[in-house]
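Enquirer:
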Amino acid sequence: EIGDKYGSGKMLTGEIKKILIKVLQKFVLDHQAQRKNITNDDVKKFLSTHQRKYTPKNQ
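Here this note's numbering runs 177 ahead of the position in the sequence shown, where the first position is 1.
#1: In angstroms with no decimal places, state the Cα-to-Cα distance between T216 and L224.
#2: Please give the ranges of any alpha helix (DSSP H) in the region 197 to 230, keeping only runs that are unbroken, at least 4 residues long and fully inside the region.
#3: My assumption, with CB atoms under 8 Å, is that I179 sits in contact with I196. Please give the rounded CB distance.
#4: Determine the DSSP secondary structure at K194, reduced to helix, strand or coil.
Okay, structure coming up:
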């Protein structure tokens with residue numbers, strides 16, 4: 178819808194920027210709220226669940 182309106186000239190770049198700002202603000206606020214719930218134990222579990230093996234590539 179936005180693409181159609183912008184393409185036809187019914188919507189200006191400034192209007193699209195306003196919409197984008199609202200979307201990004203909500204995204205960032207949600208991300209920050211979820212990030213506050215992460216504990217040090219969560220980080221340790223996440224980092225320790227995968228055994229890492231580093232092997233050189235055959236050349």
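A virtual CB, placed ideally from N, CA and C, is assigned to each residue, including glycine.
What you are looking at is a predicted structure, and each value in this text was computed from that prediction instead of being measured.
Expert: According to the data block:
#1: Residue mapping note: residue 216 aligns to position 39 of the sequence shown, counting from 1. Residue mapping note: residue 224 aligns to position 47 of the sequence shown, counting from 1. Approximately 13 Å, taken between the alpha carbons.
#2: Counting only runs of 4 or more, we get 217 to 225.
#3: In the sequence shown, residue 179 corresponds to position 2, counting from 1. In the sequence shown, residue 196 corresponds to position 19, counting from 1. Contact flag correct, Cβ pair sits at about 7 Å.
#4: In the sequence shown, the residue the question calls residue 194 occupies position 17. In the structure shown, K194 sits in a helix (DSSP, three-state: H, G or I).
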